[in-house]
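Peer 1:
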Amino acid sequence: MSSSYPPESSPIPSRESAPPPRRRWPIGRWLLTLLVIAAVYVGFTLLNSTSRAQFQWAAALESLDEGNIVEAQKHADQALKLDPEDSDLQLRAAEFFYRIDQPEVASKHLKRALELSGDNPTVLNTASFLFARMGKHDQSLPLSDKLVDLSETKRTIHPHMALNQRAYAIALAAADGQASDEQIQQGLEDINKALEVFVHDDAVIDQRIANYLDTRGYLELYAGSPQRGLKDINKAIAVYELLREEIANEVKDANLDKVPEAAIAFDQELKHVLAVLFAHRAAILEELNEADAADADHIRASEFGLNRKKGIW
Numbered sequence: 007m008s009s010s011y012p013p014e015s016s017p018i019p020s021r022e023s024a025p026p027p028r029r030r031w032p033i034g035r036w037l038l039t040l041l042v043i044a045a046v047y048v049g050f051t052l053l054n055s056t057s058r059a060q061f062q063w064a065a066a067l068e069s070l071d072e073g074n075i076v077e078a079q080k081h082a083d084q085a086l087k088l089d090p091e092d093s094d095l096q097l098r099a100a101e102f103f104y105r106i107d108q109p110e111v112a113s114k115h116l117k118r119a120l121e122l123s124g125d126n127p128t129v130l131n132t133a134s135f136l137f138a139r140m141g142k143h144d145q146s147l148p149l150s151d152k153l154v155d156l157s158e159t160k161r162t163i164h165p166h167m168a169l170n171q172r173a174y175a176i177a178l179a180a181a182d183g184q185a186s187d188e189q190i191q192q193g194l195e196d197i198n199k200a201l202e203v204f205v206h207d208d209a210v211i212d213q214r215i216a217n218y219l220d221t222r223g224y225l226e227l228y229a230g231s232p233q234r235g236l237k238d239i240n241k242a243i244a245v246y247e248l249l250r251e252e253i254a255n256e257v258k259d260a261n262l263d264k265v266p267e268a269a270i271a272f273d274q275e276l277k278h279v280l281a282v283l284f285a286h287r288a289a290i291l292e293e294l295n296e297a298d299a300a301d302a303d304h305i306r307a308s309e310f311g312l313n314r315k316k317g318i319w
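So for the sequence shown, my numbering puts the first residue at 7; every next one is plus one.
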């Protein structure tokens, strides 16, 4: 009978263990791990509520530009549901609803943005300007007061910037007949203090100084000194017209087949500023009984995009 076991006397061959194979760097495994991490990250980004809210908001603005208000509001509402605690989104929502003629909804979002942002000077200034455009100067002016307070106590905004912003808020209120003589004088004091930081005998009037001169010039109109206001605004307009001329010359000298997108965008930005300056000068010229010159400025302001709803104001 055969047996599966060898006889005791049978020699068992010795087994010498073979050397282990050399380990190779697991590059495949690392690549797979990286791909998994990347996929998780992309998935998280796509599923993140903030990212989805931004996507919906972009769609809302695109629909708004196309004139599809219903679709735009649908996307805006979805964005707000996804990220209701974002102060910046609430601020953009306020702007959005003002533009589609829902001022009360806009006010609600403005107030919510202010609640969420605390004392953020950017939010305060943006909210003040939007309240002013809505004609709610009783809500705009206290926010500009708060900006000045912050510049003095917490230094979260430069004093000259806060003073200019309050002065301009007062000028906008005066234009709507909602500023007292005392407030107008306060605005002039503010803007003169702001200009003292920059204006001296050899000062070059740059864009910032031009903006401050426009604020003062516009206030001078409502303070009963239109001639002085005209002088300030003429200087401001000259700065921006020169900038446009310089851009045009640079493009011409470069002899390009196509004007660069950056140059087009910057020129458009300058035109929007000039639209506001022309409108301010037109108001002064009307006060000075220079009707033809005022009409010409009104036309230029309109051509350059003056629009209270869009904030070119």
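Every residue gets a Cβ at the ideal spot worked out from N, C-alpha and C, and that includes glycine.
1. Going straight from the alpha carbon of Ile176 to that of Ile190, what length do you get?
2. Check Ile318 in the structure and name its three-state DSSP category.
3. Select from Gln79, Ala173 and Val210 the residue whose C-alpha is nearest the C-alpha of Ala66.
4. Determine the DSSP secondary structure at Asn74, reduced to helix, strand or coil.
5. What does the Cβ neighbour count give for Ala260, buried or exposed, with the cut at 16 atoms within 10 Å?
6. Leu156 and Pro109 look like a contact to me (Cβ under 8 Å); what is the Cβ gap, rounded to whole Å?
7. DSSP state of Asn131, grouped into three classes?
8. Tell me the rounded alpha-carbon separation between Lys237 and Gln84.
9. Less than 8 Å between C-beta atoms, sequence neighbours within five positions excluded: which residues of the same chain meet that for Gly49?
10. Helix or strand or just coil, what does DSSP make of Asn313?
11. Taking the alpha carbon of Ala216 as the reference point, which residue from Ala133, Leu249, Gln192 and Glu256 has its own alpha carbon closest?
12. Measuring alpha carbon to alpha carbon, tell me which of Ile163, Glu158 and Ala179 ends up nearest His143.
13. Along the chain, where does the alpha helix (DSSP H) containing Ser231 start, and where does it finish?
14. DSSP three-state call for Ala209: helix, strand or coil?
15. Quick one, which of Gln145, Pro148 and Ala168 has its alpha-carbon nearest Val154's?
16. Alpha carbon to alpha carbon, how far is Tyr228 from Asp89? Give it in angstroms, no decimals.
17. Who are the near neighbours of Leu225 in its chain, counting only those whose CB is closer than 8 Å to its CB and skipping five residues on each side?
18. Beta carbon of Ile211: closer than 7 Å to some heavy atom of the ligand FAD?
19. For Gln184, which option in Ala302, Gln213 and Gln145 has the closest C-alpha, if you only look at C-alpha atoms?
20. Around the C-beta of Glu275, are 16 or more other C-beta atoms found within 10 angstroms, so that it is buried, or is it exposed?
21. Give the DSSP-derived three-state secondary structure of Gln184 in the structure shown.
22. In its own chain, which residues sit with a C-beta less than 7 Å from the C-beta of Ser69, not counting the 5 before and 5 after it?
23. Determine the burial state of Val46: buried for a count of at least 16 other Cβ atoms within 10 Å of its Cβ, exposed for fewer.
Peer 2: The relevant details are as follows:
1. Working through the sequence shown from its first residue, we reach residue 176 at position 170. Working through the sequence shown from its first residue, we reach residue 190 at position 184. When the Cα atoms are used, Ile176 and Ile190 turn out to be separated by approximately 6 Å.
2. By 1-based counting over the sequence shown, the position of residue 318 is 312. The answer is strand: DSSP assigns Ile318 an E or B state.
3. Counted from its first residue, the sequence shown places residue 66 at position 60. Of Gln79, Ala173 and Val210, the residue nearest in Cα terms is Gln79.
4. Locating residue 74 in the sequence shown gives position 68, counting from the first residue. DSSP places Asn74 in coil when its eight states are reduced to three.
5. Position 254 of the sequence shown holds residue 260. A residue is called buried once 16 or more other Cβ atoms fall within 10 Å of its Cβ, and Ala260, having fewer, is exposed.
6. Indexing the sequence shown from 1 puts residue 156 at position 150. Indexing the sequence shown from 1 puts residue 109 at position 103. No, Leu156 and Pro109 are not in contact; Cβ-Cβ is about 27 Å, not under 8 Å.
7. One-based indexing of the sequence shown puts residue 131 at position 125. Looking at Asn131 - three-state DSSP - the assignment turns out to be helix.
8. Position 231 of the sequence shown, counting from 1, holds the residue named residue 237. Position 78 of the sequence shown, counting from 1, holds the residue named residue 84. Computed Cα separation, rounded: 49 Å.
9. As a working note, residue 49 is residue 43 in the sequence shown. Caution applies to Gly49, whose pLDDT of 49 falls short of 50 and renders its modelled position unreliable; the value that the coordinates give is listed next. Closer than 8 Å at the Cβ level, and outside the excluded window around Gly49, lies no residue.
10. Locating residue 313 in the sequence shown gives position 307, counting from the first residue. DSSP, read as helix, strand or coil, puts Asn313 in strand.
11. Within the sequence shown, the letter at position 210 stands for residue 216. Across the set Ala133, Leu249, Gln192 and Glu256, the C-alpha of Leu249 shows the shortest separation from the C-alpha of Ala216.
12. Start at 1 with the first residue of the sequence shown, and residue 143 comes out as number 137. Of the listed residues, the one whose Cα sits closest to His143 is Ala179.
13. Reading the sequence shown from its first residue, position 225 is the one you call residue 231. No alpha helix (DSSP H) holds Ser231; DSSP gives it neither H nor E.
14. Mapped onto the sequence shown, residue 209 falls at position 203. DSSP places Ala209 outside both helix and strand once states are collapsed to three, so it counts as coil.
15. As a working mapping, residue 154 is identified with position 148 in the sequence shown. Nearest option by C-alpha distance: Ala168.
16. Translated into positions along the sequence shown, residue 89 becomes position 83. Translated into positions along the sequence shown, residue 228 becomes position 222. If you draw a straight line from the Cα of Asp89 to the Cα of Tyr228, it is about 43 Å long.
17. Along the sequence shown, one-based indexing puts residue 225 at 219. Shown here for Leu225: same chain residues with a beta carbon closer than 8 Å to its own, the five before and five after excluded, namely Ala173, Ile176, Ala177, Ala180, Ile190, Gly193, Leu194, Ile197 and Gly235 in chain order.
18. Absent from the structure shown: the ligand FAD. Ligands present: none.
19. Residue 184 sits at position 178 when you count from the first residue of the sequence shown. Closest by alpha carbon: Gln145.
20. To locate residue 275, count along the sequence shown from 1; it is residue 269. That one is exposed.
21. For this step, residue 184 is matched to residue 178 along the sequence shown. Three-state result, Gln184: coil.
22. Sequence index remark: in the sequence shown, residue 69 carries index 63 (1-based). Taken in chain order, the residues that qualify are Glu77, Ala78 and His81.
23. In the sequence shown, counting from the first residue as 1, residue 46 sits at position 40. Low per-residue confidence applies at Val46: pLDDT is 49, beneath 50, and the placement is therefore not dependable, though the value from the model is reported in the following sentence. It is exposed - the Cβ of Val46 has fewer than 16 other Cβ atoms within 10 Å.
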